[in-house]
């Protein structure tokens with residue numbers, strides 16, 4: 001039953017803002033994350049680059065650029081793989097899937113090495129879905 005009296009408990013502390021501005025990363029950390037995003041694409045497709053882009057895009061232009069280019073490449077390769085999967089009905093799809101797999105492996109390694117050296121890399125044959 002409410003008696004009309006205030007509680008003697010102290011008021012709660014003021015709420016902190018939910019989103020603080022992300023801190024920029026050190027160049028070494030940006031290179032590491034950019035490298036991991038490219039290598040992750042070899043094993044997990046577009047997921048590492050999508051997560052990297054969403055989480056790291058405000059942490060530095062270098063990692064944002066690499067995450068965006070990796071995401072564009074992985075999405076392009078996903079589309080090519082789907083087309084290859086459909087074309088397996090006429091047997092040429094197996095060649096497309098093989099070519100896509102080799103392209104992902106080779107170009108992701110080249111991109112990871114460029115990121116590790118601190119250089120930007122643009123994948124050939126990428127559709128620019130995400131602007132960096």
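Residue numbers (the UniProt record's numbering): 1 to 132.
Note that the Cβ used here is the ideal one computed from N, Cα and C, for glycine as well.
My understanding is that residue i touches residue j, with C-beta atoms under 8 Å, so please give their C-beta distance in whole angstroms.
{"i": "residue 30", "j": "residue 63", "result": "5 Å"}
{"i": "residue 69", "j": "residue 126", "result": "7 Å"}
{"i": "residue 39", "j": "residue 81", "result": "Actually they are not in contact, since the Cβ atoms of residue 39 and residue 81 sit about 19 Å apart, beyond 8 Å."}
Considering only the alpha carbon of each residue, which of the options lies closest to residue i?
{"i": "residue 59", "options": "86, 22, 130, 102", "result": "22"}
{"i": "residue 131", "options": "32, 40, 53, 39", "result": "53"}
{"i": "residue 100", "options": "10, 33, 26, 41", "result": "41"}
{"i": "residue 116", "options": "26, 129, 32, 10", "result": "32"}
{"i": "residue 120", "options": "55, 48, 49, 65", "result": "65"}
DSSP state of residue i, grouped into three classes?
{"i": "residue 30", "result": "helix"}
{"i": "residue 51", "result": "helix"}
{"i": "residue 40", "result": "helix"}
{"i": "residue 74", "result": "helix"}
{"i": "residue 82", "result": "helix"}
{"i": "residue 130", "result": "coil"}
{"i": "residue 1", "result": "Confidence at residue 1 is low in this model, with a pLDDT of 49, below 50, so its placement is unreliable and the value that follows should be read with caution. It is coil, neither helix nor strand."}
Indicate whether residue i and residue j have their beta-carbon atoms separated by less than 7 Å.
{"i": "residue 97", "j": "residue 67", "result": "no"}
{"i": "residue 72", "j": "residue 124", "result": "no"}
{"i": "residue 77", "j": "residue 102", "result": "no"}
{"i": "residue 74", "j": "residue 44", "result": "no"}
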